[in-house]
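Here the structure comes first, spelled out in structure tokens, and everything after it is commentary.
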Amino acid sequence: MLSLRKLLLGACLSLLAGTLNAAELRVGDSPVLPAVRSIDGKTIDAAALRGKLLVVSYFSSGCPFCMNEAPKLQKLYRENRDKLTVIGVNIERNDPEQRAKTERWIAKYKLSYPVTTDFSAFENAFGRLKGLPVNQVFDKNGKVLRIDIGEIFDEDFDDIARLAR
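Quick look at the structure:
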């Protein structure tokens, strides 16, 4: 009986440690990227993203800072799509209008990069967000290069473009 308790306690501690590690995504980490579906039903496969710089950009349709970033992210992607990929992640998971809001967001900003509503998959892999918007930048091998919490500006987009080159 005692060994069963120890085994269960060990399993619980392992799960907790995994959760704590995911909640502390840091520059230099190489997390496993989740496979998710884009809003148009296509699978975004983590393995297929290797070889390009990746920007994972979290947004909410009511966030004014996200609204400021959206056209800049599209421009970054459009001008560097051969060297980088952007994935937009809508975080409004408990909102019954999440899908409709995301579709309007894509149309409003004429986004051509993949956008998903599967925020839970990213949260499970990378941990909870500490603000909004959040942009996580991964190198060609999946290592975290930078994490920007809050609105980023033109200079930051220029820096990300330079990283892609």
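Going by my numbering, the sequence shown opens with residue 813, and the numbers climb by one from there.
Even for Gly, the Cβ is constructed at its ideal location relative to N, Cα and C.
Taking 3 residues as the minimum length, the beta strand (DSSP E) runs contained wholly in the segment 835-896 are 865-871, in order along the chain. The count of Cβ pairs closer than 8 Å, one atom from the segment 855-863 and one from the segment 967-977, stays below three, leaving the stretches out of contact.
Nearest in C-alpha terms to E935, of all of D907, K913, R911 and V901, is V901. Beta-bridge pairing by DSSP links F950 to L866 and V956. One Cα belongs to V839, the other to E915, and the distance between them is close to 31 Å. Ranked by Cα distance from V946, the first of F965, W917 and K913 is F965. Going by C-alpha positions, L975 is about 8 Å away from L865. Within a 10 Å sphere around the beta-carbon of S873 sit 16 or more other beta-carbons, which makes this residue buried.
Taking 8 Å as the cut-off, the Cβ atoms of V848 and D930 count as close.
Under DSSP, the beta-bridge partners assigned to T928 are V901. Judged by beta-carbon spacing, L923 lies within the 8 Å limit of Q886, meaning their Cβ atoms are closer than that value. Shown here for G853: not one same chain residue has a beta carbon closer than 7 Å to its own, the five before and five after excluded. Relative to P846, the option among F938, F950 and E963 whose CA is nearest is F938. Here P843 is buried: its Cβ has 16 or more other Cβ atoms, across all protein chains shown, within 10 Å.
Excluding its 5 nearest sequence neighbours in each direction, C878 has C-beta neighbours in its own chain below 7 Å: F871, S872, L944 and P945, listed in chain order.
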